[in-house]
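Each position in the sequence shown, counted from 1, maps to that position plus 84 in the numbering used here.
Glycine included, each C-beta is placed from N, C-alpha and C at the ideal position.
Computed from a prediction, not measured in an experiment: that's the story for all the values here.
Only one structure is covered here, and it is reproduced in the block below.
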Amino acid sequence: MPGIIDTENGIIHRMPFYDDVKDLPLGEVLANHTGVSVYIQHDISAWTMAESLFGASRGARDVIQVVIDHNVGAGVITDGRLLHAGSSSLVEIGHTQVDPYGKRCYCGKPRLSGNHCQRSRACWSLLRYG
85 MPGIIDTENG IIHRMPFYDD VKDLPLGEVL ANHTGVSVYI QHDISAWTMA ESLFGASRGA
145 RDVIQVVIDH NVGAGVITDG RLLHAGSSSL VEIGHTQVDP YGKRCYCGKP RLSGNHCQRS
205 RACWSLLRYG
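Okay, here's the thing in structure tokens:
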């Protein structure tokens, strides 16, 4: 799931593009509905985990994946384990402030790299040419 996720408790605090989603206990709701245990993870972290298990980085103990699409984010695996602290990712590229007076992000903070760089030519150029 994209957004601000409490992975330990299966709660989605905020999601981009869905202003009405606030503190949704999705893990509990799905578990009650399906009868199976549910684990909610941030989308890019889950993607990075899948790549390390089944994809391009299969077998690697250390992985860094940077994603630029509707937002900017990253997933990091070090020594075979996903890098995070408690219920949040430690790699929040999209939440680096670039303009204190700009449009606010869904999390409430002013102009962050994620909503500044979304698919912009500047980001693509930076990644392509360094």
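Beta-bridge analysis with DSSP links residue 147 to 161. Nearest to residue 149 by alpha-carbon distance, out of 140, 142, 159, 141, is 159. 8 Å or more divides the Cβ of residue 164 from the Cβ of residue 142. With 16 or more other CB atoms across the displayed protein chains lying within 10 angstroms of its CB, residue 94 is buried. Counting along the chain, the unbroken beta strand (DSSP E) around residue 88 starts and ends at 88 to 90.
One alpha carbon belongs to residue 100, the other to residue 166, and they sit about 23 Å apart.
Under the DSSP assignment, residue 113 falls in the alpha helix (DSSP H) whose first and last residues are 110 to 118. Between the C-alpha atoms of residue 86 and residue 120 there is a straight-line separation of about 22 Å. Around the beta carbon of residue 111, 16 or more other beta carbons lie within 10 angstroms, which makes this residue buried. For residue 95, the enclosing beta strand (DSSP E) begins and ends at 95 to 99.
Looking at the backbone, the Cα of residue 104 and that of residue 168 are separated by about 26 Å.
Taking the CA atoms as reference points, residue 152 sits about 22 Å from residue 97.
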